[in-house]
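**Q** Going by our numbering, the sequence shown opens with residue 1365, and the numbers climb by one from there. Positions of the beta carbon are idealized from the N, C-alpha and C atoms, including for glycine.
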Amino acid sequence: MPPDSAAAALSRPVSIMSDAAWRQVPAAVGMNEAARLLQSYATDAGLTPLASEWWHFNDLASASGVDDSYTGRFTLAANVGVAP
1365 MPPDSAAAAL SRPVSIMSDA AWRQVPAAVG MNEAARLLQS YATDAGLTPL
1415 ASEWWHFNDL ASASGVDDSY TGRFTLAANV GVAP
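(1) Span of the alpha helix (DSSP H) holding T1407?
(2) Taking the alpha carbon of D1383 as the reference point, which residue from F1421, D1432, A1371 has its own alpha carbon closest?
(3) Would you mind working out which of L1411, V1430, L1424, A1373 sits nearest V1389, comparing C-alpha positions?
(4) Report the partner residues of P1413 according to the DSSP bridge assignment.
(5) Note down the Cα distance separating D1423 from T1412, rounded to an integer number of angstroms.
(6) Grab me the residues of A1399's own chain with a C-beta within less than 6 Å of its C-beta, minus the 5 sequence neighbours each way, in chain order.
And the structure:
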């Protein structure tokens, strides 16, 4: 997503695996006050922003504890939804 997109959080891409790189990059022009507040709340809680999406944050601390050897083949065993 281009940095001038309305969805962008930062003015240029940064490494998604760095918990500090985003701090060196100015916010995207389209970031409004509500998006800045959300970013502040999330980063104060230890999350890192994704440059291309103002609403997306990563928890890099938990990434090291995740087994990423999955195949992507999932089976839904049950559905508990009900018709409206």
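**A** With the structure as the only source:
(1) Following the DSSP letters along the chain, one finds T1407 inside the alpha helix (DSSP H) bounded by residues 1397-1408.
(2) Measuring from the Cα of D1383, the nearest candidate turns out to be F1421.
(3) When each option's Cα is compared against that of V1389, the closest is A1373.
(4) Residue pairing by DSSP places P1413 opposite F1421 in a beta bridge.
(5) D1423 and T1412: Cα-Cα distance of roughly 7 Å.
(6) For A1399, where only same-chain residues beyond five positions count, the Cβ hits under 6 Å are W1418.
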